[in-house]
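Be aware that the sequence shown starts at 190, since it is given in our numbering, and climbs by one per residue.
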Amino acid sequence: MGYDIKVEIDRSSTGGTFTNYDTIRGTVTLAVTSSISVNHISVKLEGVSKTELVVPKVSAKRDRKDKERDKRLQDEHKVLYDTMIVFPPDNVRQVSSAKEFTLTPGNYRYPFEFKIPLNNSCVKLSGITNAVSFNPQRFDFSINNGNFNRNTIRNIATSYINNATGAQGPQQAQRDQGDYHIVSQLPPSLSGIGDFASIKYFVKVTCKRASLLKMNLRATDPFIFLPLDLDENNQILGSNQSREDNREVFVRKDIVFKNKVPSVNGVVIPSDKKLPPNPRPRGFLTRLLDPGTSSGNTASTSRQENSMDVPFAFEVRFRHPAFLIPTKKPSFKLFLVTSVNPNNFNNAKFGRPDESNGLGVIFMQRLIVELRSITTISVLESDGHSKTIHRSRHDEKIPVANNALNNVKFDFSNATRQKSSSTTSNYGSRELYEIEIPAKYYENCILPDRLSPSFTTCNISRQYNLSVVAGFSSERIVDSRNQHEMTAKVRYVDLQCTDMKVLSGIGMSNSLQSPSMRPEKEPLPPKKPRRPEAPPLPSKSQMASQQNEPTPHDPSPHYEQADSSASNPPLPTYDDVMNQSTSSNGRGTRRQYQQDEQYYVNTDV
190 MGYDIKVEID
200 RSSTGGTFTN
210 YDTIRGTVTL
220 AVTSSISVNH
230 ISVKLEGVSK
240 TELVVPKVSA
250 KRDRKDKERD
260 KRLQDEHKVL
270 YDTMIVFPPD
280 NVRQVSSAKE
290 FTLTPGNYRY
300 PFEFKIPLNN
310 SCVKLSGITN
320 AVSFNPQRFD
330 FSINNGNFNR
340 NTIRNIATSY
350 INNATGAQGP
360 QQAQRDQGDY
370 HIVSQLPPSL
380 SGIGDFASIK
390 YFVKVTCKRA
400 SLLKMNLRAT
410 DPFIFLPLDL
420 DENNQILGSN
430 QSREDNREVF
440 VRKDIVFKNK
450 VPSVNGVVIP
460 SDKKLPPNPR
470 PRGFLTRLLD
480 PGTSSGNTAS
490 TSRQENSMDV
500 PFAFEVRFRH
510 PAFLIPTKKP
520 SFKLFLVTSV
530 NPNNFNNAKF
540 GRPDESNGLG
550 VIFMQRLIVE
560 LRSITTISVL
570 ESDGHSKTIH
580 RSRHDEKIPV
590 ANNALNNVKF
600 DFSNATRQKS
610 SSTTSNYGSR
620 ELYEIEIPAK
630 YYENCILPDR
640 LSPSFTTCNI
650 SRQYNLSVVA
660 GFSSERIVDS
670 RNQHEMTAKV
680 RYVDLQCTDM
690 KVLSGIGMSN
700 SLQSPSMRPE
710 KEPLPPKKPR
720 RPEAPPLPSK
730 SQMASQQNEP
740 TPHDPSPHYE
750 QADSSASNPP
760 LPTYDDVMNQ
770 STSSNGRGTR
780 RQYQQDEQYY
790 VNTDV
């Protein structure tokens with residue numbers, strides 16, 4: 190063919206996953222076997238958020254088929270866009286006005302470098318999203334984020350004329366379209382749900398040919414992006430955690446086991462009272478007319494007097510703010526909470542406070558944890574004058590764990606007083622007592638690596654709901670495979686944690702969250718150092734050569750002139766701090782965040 194071009198990103202420093210303030214470096218390779226004339230070679234850093242939705246098409250003719258009344262709308266936003274020209278180089282472009290350059294046969298390599306920003310650039314580049322595109326597979330056009338229709342050209346022409354004459358109607362429509370874009374943190378890569386919603390990041394190289402009859406050369410290299418874990422104010426998540434260590438969030442639901450009977454009964458024998466005299470024998474006729482209380486009824490009455498309702502609650506608790514991180518251990522804890530004093534569940538009144546009476550014994554049989562992802566999209570339909578925003582959502586249930594525990598015993602006689610004052614909930618001012626469920630029963634509740642963090646951008650948003658369901662019984666289950674027994678004895682309680690935030694797992698270095706920017710191991714100068722003698726000044730040639738040579742380590746203290754700019758260096762900017770903390774973050778801690786195979790196709794757009 191005479192030429193071949195490709196672009197390759199250097200992934201060695203990040204493990205293949207990039208985040209905000211990372212520097213993407215790579216190389217463009219152009220192999221030429223015969224001379225080629227080009228205008229320039231440009232490299233672009235792009236992120237495209239794309240949605241697709243089939244909506245009903247309003248038609249005046251009622252005899253058309255249903256499929257002809259449906260139309261497919263696409264909505265594409267460039268959330269990230271940056272470009273640079275790698276050939277010809279800057280020094281050539283500054284001194285030459287040539288529009289055409291000839292490359293002789295050979296292999297050419299051009300390095301490039303981009304820095305990923307924090308926020309999206311969709312508002313700034315809104316004009317790019319309104320370009321005309323054609324899909325050869327479906328033979329449809331897309332203009333202004335909507336499909337082509339016969340009124341589009343007419344409305345665009347009318348809008349152009351009205352703008353020239355000072356009319357206000359079409360201008361208002363254009364201003365409304367700008368409200369469709371939002372400024373937010375760059376969204377993560379997204380795939381796996383087809384054309385319904387996708388977010389792709391890639392580097393694209395374009396070799397612009399000098400002749401209009403020659404096809405331009407293009408190549409792309411997609412990469413995976415995960416945003417930094419920041420709060421809604423773009424601050425480091427958890428930076429104020431030290432002042433809020435006691436804050437917790439929880440979801441709790443009550444359950445009551447009624448008429449529970451103690452398994453260990455105590456009898457108090459009075460020692461200071463005389464025994465009553467033996468009852469007088471009763472005759473047959475007396476017993477017939479006044480039968481009295483039988484022994485069976487006495488036992489039944491005693492059983493009713495000793496029974497009691499056992500109220501408790503199942504609780505999932507998070508440290509504030511609540512979040513989940515894929516591939517990491519669960520960030521929540523599970524508790525059993527009751528307002529009944531533990532002394533009611535032991536034999537303290539019989540002189541045995543360390544002995545349980547069995548009233549507070551419950552058995553945990555099953556634990557089910559599920560996560561539901563909710564992807565909400567929007568597409569903008571526009572005919573050049575008016576617009577309509579269509580919305581849709583896609584729900585996916587993600588099983589996390591389904592643990593059969595089989596008679597895990599808990600006894601409220603071992604409950605301890607709840608220390609946290611933030612979990613009083615609907616129990617009012619009463620004291621609460623709790624039992625923490627050991628983490629070994631739910632340590633496998635780990636989210637898969639493919640999950641996207643929660644985010645919101647112009648046309649796509651992702652949020653999650655967490656469901657924790659537990660099954661309890663007041664007595665042991667003899668055969669857990671017996672569905673009749675399980676249904677009769679096990680009661681389930683479900684906890685719904687709505688709008689659960691899922692994080693990327695890429696945070697900041699803790700060293701930059703302290704007020705001082707000085708490294709921890711930097712040696713302090715002595716209190717009264719001895720000023721060294723000033724050496725002779727070097728010549729200008731020596732100074733130039735020394736600037737490029739590494740300075741050997743000198744343990745003696747060094748001094749500079751008492752200059753205000755030197756003693757009070759300028760404070761680092763927000764971007765400097767974010768960039769430094771990102772680069773100091775452990776490279777091996779980033780998760781791979783594997784994408785669906787569709788993420789790596791159809792990026793040459």
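We treat Cβ as the ideally placed atom computed from N, Cα and C, and that holds for glycine.
When rounded, the separation of the alpha-carbon atoms in R298 and K304 is 20 Å. Shortest Cα-Cα distance from E437 to any of I425, P510, D271 and I382 involves P510.
When secondary structure is reduced to three states using DSSP, R670 falls in the coil class, being assigned neither helix nor strand.
Here the alpha carbon of V658 sits roughly 45 Å from the alpha carbon of D199. Membership of V440 in the beta strand (DSSP E) is indicated by the continuous run E437 to K449.
Contact check for K393 against V237 fails: the beta carbons are separated by 8 Å or more. Taking the C-beta atoms as reference points, E559 is found nearer than 8 Å to V589.
Here V529 has no same chain residue with a Cβ atom under 6 Å from its own Cβ, once five neighbours each way along the sequence are excluded. P277 and F290 do touch by the CB rule: their CB atoms are close to 6 Å apart, below 8 Å.
Under DSSP, C396 takes part in a beta bridge, and its partners are I230 and L406. When rounded, the separation of the alpha-carbon atoms in T645 and S567 is 12 Å. Contact annotation: the region 497-507 touches the region 682-692, with at least three C-beta pairs closer than 8 Å. Residues of the same chain with a CB within less than 8 Å of the CB of Y789, apart from the 5 flanking positions on each side, are P411 in chain order. Taking a cut-off of 8 Å for Cβ pairs, the region 198-212 and the region 269-284 do not touch, as fewer than three such pairs fall below it.
Annotation: R665 is outside any beta strand (DSSP E) and is labelled neither H nor E by DSSP.
Assignment of K608 by DSSP, reduced to helix, strand and coil, places it in the coil class. If you keep only unbroken beta strand (DSSP E) runs of at least 3 residues inside the region 515-601, you get 521-527, 541-545, 550-571 and 576-600. By the beta-carbon neighbour count (other beta carbons within 10 angstroms, threshold 16), P377 is buried. Under the DSSP assignment, N309 falls outside any beta strand (DSSP E); it carries neither an H nor an E label. In this structure, DSSP gives N654 an extended state, which the three-state scheme calls strand. Ranking H229, S581 and S310 by CA distance to the CA of H266 puts S310 first. Going by DSSP, R282 is part of the alpha helix (DSSP H) stretching over D279 to V284. Counted as a single uninterrupted DSSP element, the stretch harbouring G381 is not any beta strand (DSSP E), since DSSP gives it neither H nor E. Exclusion of the five residues before and after Y630 leaves L556, N592, L594 and V597 as the residues of its chain whose Cβ lies within less than 7 Å of its Cβ.
Counting C-beta atoms within 10 angstroms of its own C-beta, T527 has 16 or more neighbours from the protein chains shown and is therefore classed as buried.
Beta-bridge annotation (DSSP): I371 is not paired with any residue.
If you ignore the 5 residues before and after S581, its C-beta comes within less than 6 Å of the C-beta of L242 and I566, all in its own chain and listed in chain order. A direct Cα-Cα distance of roughly 12 Å separates S387 from H583. Counting C-beta atoms within 10 angstroms of its own C-beta, T409 has 16 or more neighbours from the protein chains shown and is therefore classed as buried. Counting only residues of its own chain and dropping the five nearest sequence neighbours on each side, S226 has a CB closer than 6 Å to the CB of E289, T291 and A399.
Bounds of the beta strand (DSSP E) holding N296 are G295 to K304.
With contacts defined as CB atoms closer than 8 Å, V244 and H673 fail to qualify as a contacting pair. According to the DSSP assignment, R680 belongs to the beta strand (DSSP E) that extends over R680 to V691.
Q787 carries a helical assignment under DSSP once its states are collapsed to helix, strand and coil. The C-beta of G191 has fewer than 16 other C-beta atoms within 10 Å across all chains shown, which makes the residue exposed. Excluding residues up to 5 positions away in sequence, T291, L292, T293 and P294 lie with their Cβ nearer than 8 Å to the Cβ of S224 in the same chain.
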